[in-house]
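J.: The numbers in our numbering rise by one with no breaks, and the one at position 128 of the sequence shown is 595. Idealized CB from N, CA, C, for every residue including glycine. Computed from a predicted model, the values in this text were never measured in an experiment.
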Amino acid sequence: MAELKYLKIYSAETDICTLCGTCRTVCPVFLEEGIESSSTRGRISLINGVITDKLNITNDLSEKLQACMNCRKCIEVCPANVNFTDLIIAAKADIHLNNKKYFKVVFLKYLFNSNPTISNFSHKFLRTIRKFLYKKKTDVRSLIGKLIFKLLRLPSTFIIPALPERFFFGMKSRHELVGEQKKRVALFLGCGGKYNYPQSSDHLINILRKSGIEVLIPANQVCCGSPLLDNGNVKLAKSNALKNLKIFNNIQDISAVLVQCSSCSYMLKHQYNNFLGVGKFKTPVVDIMEFIKNEDIDLSPRYTSKVSCHVMLRNHNDINKDNFINDTVSSVYSENFIGDISDDKCCGASELYKTGNYATRKIITHSFLEKYIKKDVGYIACTSFACIHKINEEASLQNKDLKAVSITDIFEV
Ligand code: SF4
Ligand code: SF4
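1) Under three-state DSSP, which class holds L725?
2) Between the C-alpha atoms of G806 and I792, what's the straight-line distance to the nearest angstrom?
3) Answer yes or no: do L630 and R608 have a C-beta to C-beta separation smaller than 8 Å?
4) Buried or exposed for G637, please, with buried defined as at least 16 other CB atoms from any protein chain shown within 10 angstroms of its CB.
5) Only counting runs of 4 or more residues, tell me where the alpha helix (DSSP H) segments fall wholly within the region 639-726, in order along the chain.
6) Going by DSSP in three states, A848 sits in which element: helix, strand or coil?
7) Does the beta carbon of L486 fall short of 7 Å from some heavy atom of ligand 1?
8) Taking the DSSP output, what are the residues bridged to R883?
9) Look up H783 in the DSSP assignment and say whether it is helix, strand or coil.
10) Check the C-beta distance from L471 over to D561 and give it rounded, since I have them as a contact under 8 Å.
11) Three-state secondary structure (DSSP) at D896?
12) Using the C-alpha atoms, what's the distance from Y739 back to N716?
13) Taking the continuous alpha helix (DSSP H) assigned at A557, which residues delimit it?
14) Within a Cβ cutoff of 6 Å, which residues of the same chain sit near N453, ignoring the five residues on either side of it in sequence?
15) Go ahead and label I483 buried or exposed: buried means 16 or more other beta carbons lie within 10 angstroms of its beta carbon, across all protein chains shown.
16) Looking at T850: is its Cβ nearer than 8 Å to the Cβ of I831?
17) Could you give the C-beta distance for Y800 and V774, rounded to a whole number, given that I count them as a contact under 8 Å?
18) Do you know offhand how far S797's Cα is from N790's?
19) If contacts are defined as beta-carbon pairs under 8 Å, then V544 and T489 qualify, I think. What distance do you get, rounded to the angstrom?
20) For a test of your reading of the model: does the CB of F551 fall under 7 Å from any non-hydrogen atom of ligand 2? Yes or no.
21) Is the CB-CB distance between Y664 and H590 below 8 Å?
22) Expressed to the nearest angstrom, what Euclidean distance is found between the alpha-carbon atoms of S529 and L564?
23) With a threshold of 7 Å (Cβ to nearest heavy atom), would V496 be considered close to ligand 2?
24) Would you grab the beta carbon distance between V872 and Y839 for me? Rounded to a whole angstrom, and I think it's under 8 Å.
25) Would DSSP call S732 helix, strand or coil?
26) Can you give me the C-alpha to C-alpha distance between A653 and I680, rounded to a whole angstrom?
27) State the beta-bridge partners of C776 as determined by DSSP.
28) Should V493 and K540 be called a contact, given that it needs their Cβ atoms to be closer than 8 Å?
29) Please report the Cβ distance between N711 and Q688, rounded to the nearest whole angstrom; I am assuming they are in contact, meaning their Cβ atoms lie under 8 Å.
30) So what does DSSP say about V752, is it helix, strand or coil?
31) Can F835 and K867 be called in contact, C-beta distance under 8 Å?
32) In whole angstroms, what separates the C-alpha of F579 from that of L656?
33) When you compare only the Cα positions, how much space is there between N550 and E480?
34) Under 8 Å, do L644 and A557 count as touching if we go by C-beta distance?
35) Taking the Cβ atom as the reference point for each residue, do L675 and K705 lie within a distance shorter than 8 Å?
36) Give me the residue from K842, D785, A853, N803 with the minimum Cα distance to C814.
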């Protein structure tokens with residue numbers, strides 16, 4: 468029998484499920500694939516099979532569970548309040564314990580390491596490798612790229628997230644505080660904001676500092692641990708969490724820890740204390756949208772084309788949609804803001820380097836994008852770096868002149 472260290476704790480959740488099937492009406496994977504094992508209910512049944520020793524942990528079972536995109540739509544509609552978020556993490560953690568050779572977890576272990584030197588080196592290494600896999604400054608694979616993709620059995624249309632020449636702490640320009648200091652906050656960058664989209668973090672800091680907000684950016688902060696936890700590596704996720712808690716809790720006189728990515732935000736706000744049990748931040752963790760709205764920061768539009776939004780995990784991160792999207796973005800962009808037309812649907816992203824369940828996710832992103840293309844949207848303002856990458860990947864494959872950007876990128880400084 469497989470060792471079930473984590474499922475032992477969460478096994479009661481499978482008994483709570485009444486098998487009503489309400490979750491099937493919202494689960495994007497089920498809606499696309501139409502088979503029971505692709506639904507929340509189906510995954511719960513698979514997990515129950517493992518707990519009751521009727522099923523073994525096989526690669527097939529592992530793939531079915533990994534195909535969940537963490538959109539948490541099922542949780543919003545579940546009448547029995549099944550804690551599916553923690554149940555699926557527990558299942559992935561036990562899969563990890565019983566299947567340590569899982570290649571992707573090894574790759575993630577270095578990329579999102581709790582030692583910033585290892586993490587920096589791994590990102591630099593990936594940046595170098597990427598140069599061989601793609602033609603110069605494009606997302607078109609080179610001959611070597613095609614070969615490697617084939618050898619690793621990666622989906623041919625998957626685009627490895629680009630990594631700029633300078634990561635956040637290597638960027639030269641830093642903006643000074645303008646005027647009188649109104650507030651003092653610390654910024655949690657996340658890997659997306661540190662490595663993949665440092666210019667977005669820089670832009671955000673510029674907006675805040677020009678508005679009298681002093682922003683501290685601890686240089687030794689590490690990945691929130693979400694990609695590690697999502698792939699079942701609880702031990703490493705814990706060590707990232709402990710490191711970040713120590714760093715941010717040691718900063719004196721800040722009123723908030725600001726976060727620009729929804730996935731990081733959920734991890735910091737909830738999972739550090741809930742699943743990992745390592746404690747809380749002593750200052751409130753605040754999503755950047757809420758902060759900008761509450762501080763009444765003066766904003767102006769950066770783009771002249773039509774803008775829409777895609778806010779991930781808003782119901783799980785206590786983000787008041789009406790406050791920020793329908794109020795702030797709408798008033799800044801007036802007739803060029805066409806509302807949030809995603810209808811709260813998942814864009815198919817899940818995480819930055821996820822290649823599993825690619826075919827289904829690609830179809831989901833394709834149909835997600837259709838609405839925006841029909842409405843002639845120029846920019847989709849996103850709250851998660853993974854969504855930005857996934858949407859841009861599909862737009863680029865379709866040759867569409869539409870760009871996903873970070874939610875604060877749409878404002879002029
Ligand atoms: S909605 Fe909740 S109770 Fe119903 S089948 Fe899905 S997980 Fe189970
Ligand atoms: S989190 Fe999303 S993808 Fe996963 S089972 Fe729930 S609805 Fe489906």
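T.: Well, looking at it:
1) For the purposes of this step, residue 725 is taken as residue 258 along the sequence shown, with counting starting at 1. If DSSP states are grouped into helix, strand and coil, L725 belongs with the strands.
2) The sequence position of residue 806 within the sequence shown is 339, counting from 1. The sequence position of residue 792 within the sequence shown is 325, counting from 1. Whole-angstrom Cα-Cα distance: 8 Å.
3) Your numbering for residue 630 matches position 163 in the sequence shown. Your numbering for residue 608 matches position 141 in the sequence shown. Cβ atoms of L630 and R608: not closer than 8 Å.
4) Counting from one through the sequence shown, the residue named residue 637 turns up at place 170. The residue is exposed, with fewer than 16 neighbouring Cβ atoms inside 10 Å.
5) 665-677, 693-697, 701-716
6) For the purposes of this step, residue 848 is taken as residue 381 along the sequence shown, with counting starting at 1. Three-state result, A848: strand.
7) As a position in the sequence shown, residue 486 is number 19, starting the count at 1. It does: the Cβ of L486 is within 7 Å (strictly closer) of some heavy atom of ligand 1.
8) Residue 883 falls outside the range modelled here, since the chain spans only 468 to 880, and no answer is possible.
9) Within the sequence shown, numbered from 1, the residue matching residue 783 stands at position 316. Correct three-state label for H783: coil.
10) As a first step, residue 471 is located in the sequence shown; it is residue number 4 there, counting from the start. As a first step, residue 561 is located in the sequence shown; it is residue number 94 there, counting from the start. With 8 Å as the limit, L471 and D561 qualify as a contact, their Cβ atoms being about 5 Å apart.
11) In the structure as shown, the chain begins at 468 and stops at 880. Residue 896 is therefore absent and cannot be evaluated.
12) On the sequence shown, residue 716 is found 249 positions in, with the first residue counted as 1. On the sequence shown, residue 739 is found 272 positions in, with the first residue counted as 1. Each residue's Cα considered, the two are about 13 Å apart.
13) Sequence index remark: in the sequence shown, residue 557 carries index 90 (1-based). That run of the alpha helix (DSSP H) goes 551-565.
14) Lying outside 468 to 880, the shown extent of the chain, residue 453 is not represented and no answer is given.
15) Residue mapping note: residue 483 aligns to position 16 of the sequence shown, counting from 1. So I483 counts as exposed.
16) On the sequence shown, residue 850 is found 383 positions in, with the first residue counted as 1. On the sequence shown, residue 831 is found 364 positions in, with the first residue counted as 1. For T850 and I831, no; Cβs fall outside 8 Å.
17) Residue numbering aside, residue 800 sits at position 333 when the sequence shown is read from its first letter. Residue numbering aside, residue 774 sits at position 307 when the sequence shown is read from its first letter. Contact holds; Cβ gap of about 5 Å.
18) The residue given as residue 797 occupies position 330 in the sequence shown. The residue given as residue 790 occupies position 323 in the sequence shown. Each residue's alpha carbon lies about 10 Å from the other.
19) Taking the sequence shown and counting its residues from 1, one reaches residue 544 at position 77. Taking the sequence shown and counting its residues from 1, one reaches residue 489 at position 22. Indeed, because the Cβ distance is near 5 Å, the residues count as touching under 8 Å.
20) Numbered from its first residue, the sequence shown carries residue 551 at position 84. Yes, since a heavy atom of ligand 2 falls inside the 7 Å radius drawn around the Cβ of F551.
21) Taking the sequence shown and counting its residues from 1, one reaches residue 664 at position 197. Taking the sequence shown and counting its residues from 1, one reaches residue 590 at position 123. Taking 8 Å as the Cβ cut-off, Y664 and H590 do not qualify as a contacting pair.
22) Mapped onto the sequence shown, residue 529 falls at position 62. Mapped onto the sequence shown, residue 564 falls at position 97. Each residue's alpha carbon lies about 12 Å from the other.
23) Sequence index remark: in the sequence shown, residue 496 carries index 29 (1-based). Correct: V496 has its Cβ closer than 7 Å to ligand 2.
24) Position 405 of the sequence shown, counted from the first residue, corresponds to residue 872. Position 372 of the sequence shown, counted from the first residue, corresponds to residue 839. Not confirmed; about 13 Å, so no contact.
25) Translated into the one-based positions of the sequence shown, residue 732 becomes position 265. Three-state result, S732: helix.
26) Residue numbering aside, residue 653 sits at position 186 when the sequence shown is read from its first letter. Residue numbering aside, residue 680 sits at position 213 when the sequence shown is read from its first letter. When rounded, the distance between both Cα atoms is 10 Å.
27) As a working mapping, residue 776 is identified with position 309 in the sequence shown. Answer by DSSP bridge pairing, in chain order: A848.
28) By 1-based counting over the sequence shown, the position of residue 493 is 26. By 1-based counting over the sequence shown, the position of residue 540 is 73. Yes; because the gap between Cβ atoms is below 8 Å, this pair is in contact.
29) Position 244 of the sequence shown, counted from the first residue, corresponds to residue 711. Position 221 of the sequence shown, counted from the first residue, corresponds to residue 688. Confirmed, Cβ separation roughly 6 Å.
30) Residue 752 sits at position 285 when you count from the first residue of the sequence shown. DSSP places V752 in strand when its eight states are reduced to three.
31) For the purposes of this step, residue 835 is identified with residue 368 of the sequence shown, where counting begins at 1. For the purposes of this step, residue 867 is identified with residue 400 of the sequence shown, where counting begins at 1. No, Cβ-Cβ distance for F835 and K867 is not below 8 Å.
32) By one-based count along the sequence shown, residue 579 stands at place 112. By one-based count along the sequence shown, residue 656 stands at place 189. F579 and L656: Cα-Cα distance of roughly 13 Å.
33) Residue 550 sits at position 83 when you count from the first residue of the sequence shown. Residue 480 sits at position 13 when you count from the first residue of the sequence shown. Roughly 6 Å separates the two Cα atoms.
34) As a first step, residue 644 is located in the sequence shown; it is residue number 177 there, counting from the start. As a first step, residue 557 is located in the sequence shown; it is residue number 90 there, counting from the start. Taking 8 Å as the Cβ cut-off, L644 and A557 do not qualify as a contacting pair.
35) Position 208 of the sequence shown, counted from the start, is the residue given in the question as residue 675. Position 238 of the sequence shown, counted from the start, is the residue given in the question as residue 705. Cβ atoms of L675 and K705: not closer than 8 Å.
36) Along the sequence shown, read from residue 1 onward, the residue named residue 814 stands at position 347. Among K842, D785, A853, N803, the Cα nearest to that of C814 belongs to A853.
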